[in-house]
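Asker: Protein chains in written order, with UniProt numbering: chain A, 1 to 90; chain B, 1 to 142.
We put the CB at the ideal spot given by N, CA and C, even for glycine.
If you're wondering where the values come from, they're calculated on a predicted model, not measured in any experiment.
What follows is a single structure, and I will ask about it in a moment.
Right under this line is the structure:
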């Protein structure tokens with residue numbers, strides 16, 4: 001087994017299964033904060049998928065997208081927690 | 001030889017991401033889910049990025065980008081987790097029913113959002129109507 005088939009048939013399916021499992025929590029999460037951390041985890045797994053894809057396709061430029069996604073995930077979680085804490089209807 | 005190192009690193013990374021996602025699905029309340037998710041996913045993505053840095057050895061820009069992403073994740077993931085956990089405690093997300101001790105109970109001023117660190121000045125739970133956040137059954141947190 002070469003490394004490219006290993007990436008294609010083992011690593012990428014494991015990451016895809018992870019995204020599906022997290023999406024179940026995003027769908028049914030009992031409170032809003034569960035959904036926020038599920039979204040954050042989906043974006044983090046997306047960074048990993050982009051990394052494996054850039055290795056497979058030999059495209060180094062795709063790692064720029066991963067940097068931007070890491071920024072967006074952090075800012076999104078911070079904004080969500082700021083406004084959740086401000087809300088008045090306890 | 002380098003193929004074996006890459007295979008081992010990527011397998012460890014993918015497995016820790018898989019464990020993070022199983023943890024977010026199976027853990028019984030929000031705070032345990034948060035605790036599982038942040039650490040395991042940072043480790044997994046970090047290992048996958050080390051794979052990318054080893055894969056392109058003659059290009060310094062890939063290594064620089066990988067180090068930048070890992071540094072940024074390690075720097076920001078605990079801050080985001082702390083802020084979302086604090087916001088979750090403020091809006092009254094219930095803790096698991098098997099929680100032994102809740103040391104934040106009565107320590108947060110819900111009006112000014114200040115944390116009281118002296119246990120003697122906490123809200124007296126025998127006289128006030130403030131009840132604890134530990135859930136009574138599994139249905140509240142699942």
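May I have the straight-line CA-CA distance separating residue 80(A) from residue 81(B), to the nearest angstrom?
Answerer: 12 Å
Asker: Give the residues of chain A in contact with residue 65(B), contact being defined as C-beta atoms less than 9 Å apart.
Answerer: 60, 63, 64, 66 and 67
Asker: For residue 6(A) and chain E, any beta-carbon pair shorter than 7 Å?
Answerer: In summary, chain E is missing from the structure at hand, where the protein chains are A and B.
Asker: To the nearest angstrom, how far is it from the Cα of residue 112(B) to the Cα of residue 34(B)?
Answerer: 25 Å
Asker: Pull out every residue of the region 10-22 of chain B whose Cβ sits closer than 8 Å to any Cβ of chain A, in chain order.
Answerer: 10, 11, 13, 14, 15, 17, 18, 20, 21 and 22
Asker: Count the other C-beta atoms from every protein chain shown that fall within 10 angstroms of the C-beta of residue 93(B), then say buried if there are 16 or more, exposed otherwise.
Answerer: Its Cβ being crowded by 16 or more others within 10 Å, residue 93(B) is buried.
Asker: Just the chain B side, please: which residues come within less than 7 Å of residue 74(A) by C-beta, in chain order?
Answerer: From the beta-carbon of residue 74(A), the residues of chain B found nearer than 7 Å are 76 and 80.
Asker: Expressed to the nearest angstrom, what Euclidean distance is found between the alpha-carbon atoms of residue 78(B) and residue 78(A)?
Answerer: 11 Å
Asker: Say whether chain B places a C-beta atom closer than 7 Å to the C-beta of residue 37(A).
Answerer: yes
Asker: Taking just the CA atoms, how far does residue 32(A) sit from residue 5(A)?
Answerer: Taking the straight line from one Cα to the other gives about 39 Å.
Asker: Using a Cβ cut-off of 7 Å, pull out every chain A residue sitting near residue 88(B), in sequence order please.
Answerer: Those are 33, listed as they occur along chain A.
Asker: Find out if the Cβ-Cβ distance for the pair residue 45(B), residue 44(A) is shorter than 7 Å.
Answerer: Going by beta carbons, residue 45(B) and residue 44(A) fall inside the 7 Å limit.
Asker: Could you give the C-beta distance for residue 26(A) and residue 39(A), rounded to a whole number, given that I count them as a contact under 8 Å?
Answerer: 6 Å
Asker: Can you grab the Cα-Cα spacing for the pair residue 17(B) / residue 43(B), in whole Å?
Answerer: When the Cα atoms are used, residue 17(B) and residue 43(B) turn out to be separated by approximately 8 Å.
Asker: Check residue 10(A) in the structure and name its three-state DSSP category.
Answerer: helix
Asker: Between residue 66(B) and the rest of its own chain, which residues show a CB-CB distance below 6 Å, the 5 nearest in sequence each way excluded?
Answerer: 49, 52 and 53
Asker: Considering only C-alpha positions, which residue in the set 91(B), 2(B) and 37(B) is nearest to residue 133(B)?
Answerer: 91(B)
Asker: Mind listing, in chain order, the continuous alpha helix (DSSP H) runs of no fewer than 4 residues lying wholly within the region 13-70 of chain B?
Answerer: 30-55
Asker: Taking the C-alpha atoms as reference points, what is the distance between residue 87(B) and residue 72(A)?
Answerer: Each residue's Cα considered, the two are about 19 Å apart.
Asker: My guess is that residue 54(A) and residue 62(A) are in contact by the Cβ rule of under 8 Å, so how many angstroms apart are they, rounded?
Answerer: 4 Å
Asker: Looking at C-alpha atoms only, which residue of 96(B), 137(B) and 110(B) is the closest neighbour of residue 27(B)?
Answerer: 96(B)
Asker: Inspect the beta-carbon positions of residue 23(B) and residue 36(B) and report whether they are closer than 7 Å.
Answerer: yes
Asker: Hey, residue 15(A) and residue 47(A): beta-carbon distance below 7 Å or not?
Answerer: no
Asker: Taking the alpha carbon of residue 52(A) as the point to measure from, which residue in 11(B), 89(B), 85(B) and 29(B) has its own alpha carbon closest?
Answerer: 11(B)
Asker: Taking a contact to mean a Cβ-Cβ separation below 7 Å, would you say residue 75(B) touches residue 47(B) in this structure?
Answerer: no
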